[in-house]
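Colleague: Have a look at this one.
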Amino acid sequence: MFLKKIYELKKAEVKELKKGTEKRVKEVIPFERFLPDRRIIAEVKQASPSLGEIKKVDVKRQAELYEKGGAAAISVLTDKNYFNGDFKFLKEISSAVNLPILCKDFIVDEVQIDLAYEYGADVILLIASMLEGDELKKLFDYSKKLGLEVLVEIHEYEELYKLKDLDVKFLGVNSRDLTTLKVNKEKALKTMSKIKGNYIKIAESGIETKEDIKRFKEAGADMFLVGTSLMKSDNPVELLKELSEGYSCL
Numbered sequence: 001m002f003l004k005k006i007y008e009l010k011k012a013e014v015k016e017l018k019k020g021t022e023k024r025v026k027e028v029i030p031f032e033r034f035l036p037d038r039r040i041i042a043e044v045k046q047a048s049p050s051l052g053e054i055k056k057v058d059v060k061r062q063a064e065l066y067e068k069g070g071a072a073a074i075s076v077l078t079d080k081n082y083f084n085g086d087f088k089f090l091k092e093i094s095s096a097v098n099l100p101i102l103c104k105d106f107i108v109d110e111v112q113i114d115l116a117y118e119y120g121a122d123v124i125l126l127i128a129s130m131l132e133g134d135e136l137k138k139l140f141d142y143s144k145k146l147g148l149e150v151l152v153e154i155h156e157y158e159e160l161y162k163l164k165d166l167d168v169k170f171l172g173v174n175s176r177d178l179t180t181l182k183v184n185k186e187k188a189l190k191t192m193s194k195i196k197g198n199y200i201k202i203a204e205s206g207i208e209t210k211e212d213i214k215r216f217k218e219a220g221a222d223m224f225l226v227g228t229s230l231m232k233s234d235n236p237v238e239l240l241k242e243l244s245e246g247y248s249c250l
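Here you go:
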């Protein structure tokens, strides 16, 4: 299974990672700063395990286009093995835009959180399906101590039990099953609609059109993470504006 493989790979990888010497130069920007006016988290993703290489870009320029198009935040892939990412992209992007930056990686160790913080991330992703409850709590609490926001991601509704001892504010529902890499938007819509609680709910994966935005909004989503369609677009500024209509017209 992909998720088990990536977990083992990351555990080996973090043994080689060391806390950097970077000094964080920006204050942490609240993840929800631009709500309710902006709703889309635009992703810088040059490759993925399901698609291979998507597009090589100047990550700083791509982020600037997203800001121009009205993104609420920017998600930055830092995983090298499957996404052609780098922690250094966080620094490049955070110095270029005035938007919250999400470090998107398979986080299994505090050293990854240290690097995300040092390089300018404002939010980190923790994947509930990959972490045991005690691991999730440990990494969640460590992130909060640094002053970072945390986006906790689930795929199955049943994974919510892992959040019972956490003060989760941002909850993501991923349409992609990370064990098979297949997308099931219908399942994600059902999961989203069942979630109760005072979360800012974020729809992840498979968001390609303003119709997708409308459907997830009706299911209870507050924000929408969009990656592949924006990376493939020749005009991400206009696509962002078009996608935003999917929320504003409801």
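Just so you know, we're using the UniProt record's numbering here: the sequence shown kicks off at 1 and counts up by one.
Glycine included, C-beta positions come from ideal geometry on N, C-alpha and C.
1) Curious, which full-length alpha helix (DSSP H) runs of at least 4 residues does the segment 98 to 168 contain?
2) How big is the Cα-Cα spacing for VAL66 and ILE40?
3) Does the distance from the CB of LYS214 to the CB of GLY172 come in under 8 Å?
4) Cα separation between LEU136 and GLU159?
5) I need the DSSP call for LEU3, collapsed to helix, strand or coil.
6) Flag this pair as yes or no: are the beta carbons of ILE101 and ILE127 separated by less than 8 Å?
7) Which residues in the same chain have their Cβ closer than 8 Å to the Cβ of SER233, if we skip the five residues on either side of it in sequence?
8) Residue range of the beta strand (DSSP E) that GLU43 falls in?
9) In the DSSP assignment, what are the bridge partners of residue 264?
10) Which residue marks the beginning of the alpha helix (DSSP H) containing LYS68, and which one marks its end?
11) If you reduce the DSSP assignment to three classes, tell me which class GLY246 lands in.
12) Less than 8 Å between C-beta atoms, sequence neighbours within five positions excluded: which residues of the same chain meet that for GLY120?
Modeller: According to the structure shown:
1) 110 to 118, 133 to 146
2) For the record, residue 66 in the displayed sequence is Tyr; it is not Val. Each residue's CA atom was taken as its position, placing TYR66 and ILE40 some 10 Å apart.
3) no
4) 12 Å
5) helix
6) no
7) Closer than 8 Å at Cβ, skipping near neighbours: LEU239.
8) 40 to 44
9) Residue coverage of the chain in this structure runs from 1 to 250, which leaves residue 264 outside it and unanswerable.
10) Looking at the DSSP string, the run of the alpha helix (DSSP H) that includes LYS68 is 59 to 69.
11) helix
12) Its chain contains ARG24, VAL25, LYS26, LEU90, LYS91, ILE93, SER94, SER95, ILE101 as the residues whose beta carbon lies nearer than 8 Å to that of GLY120, once the 5 sequence neighbours on both sides are disregarded; these appear in chain order.
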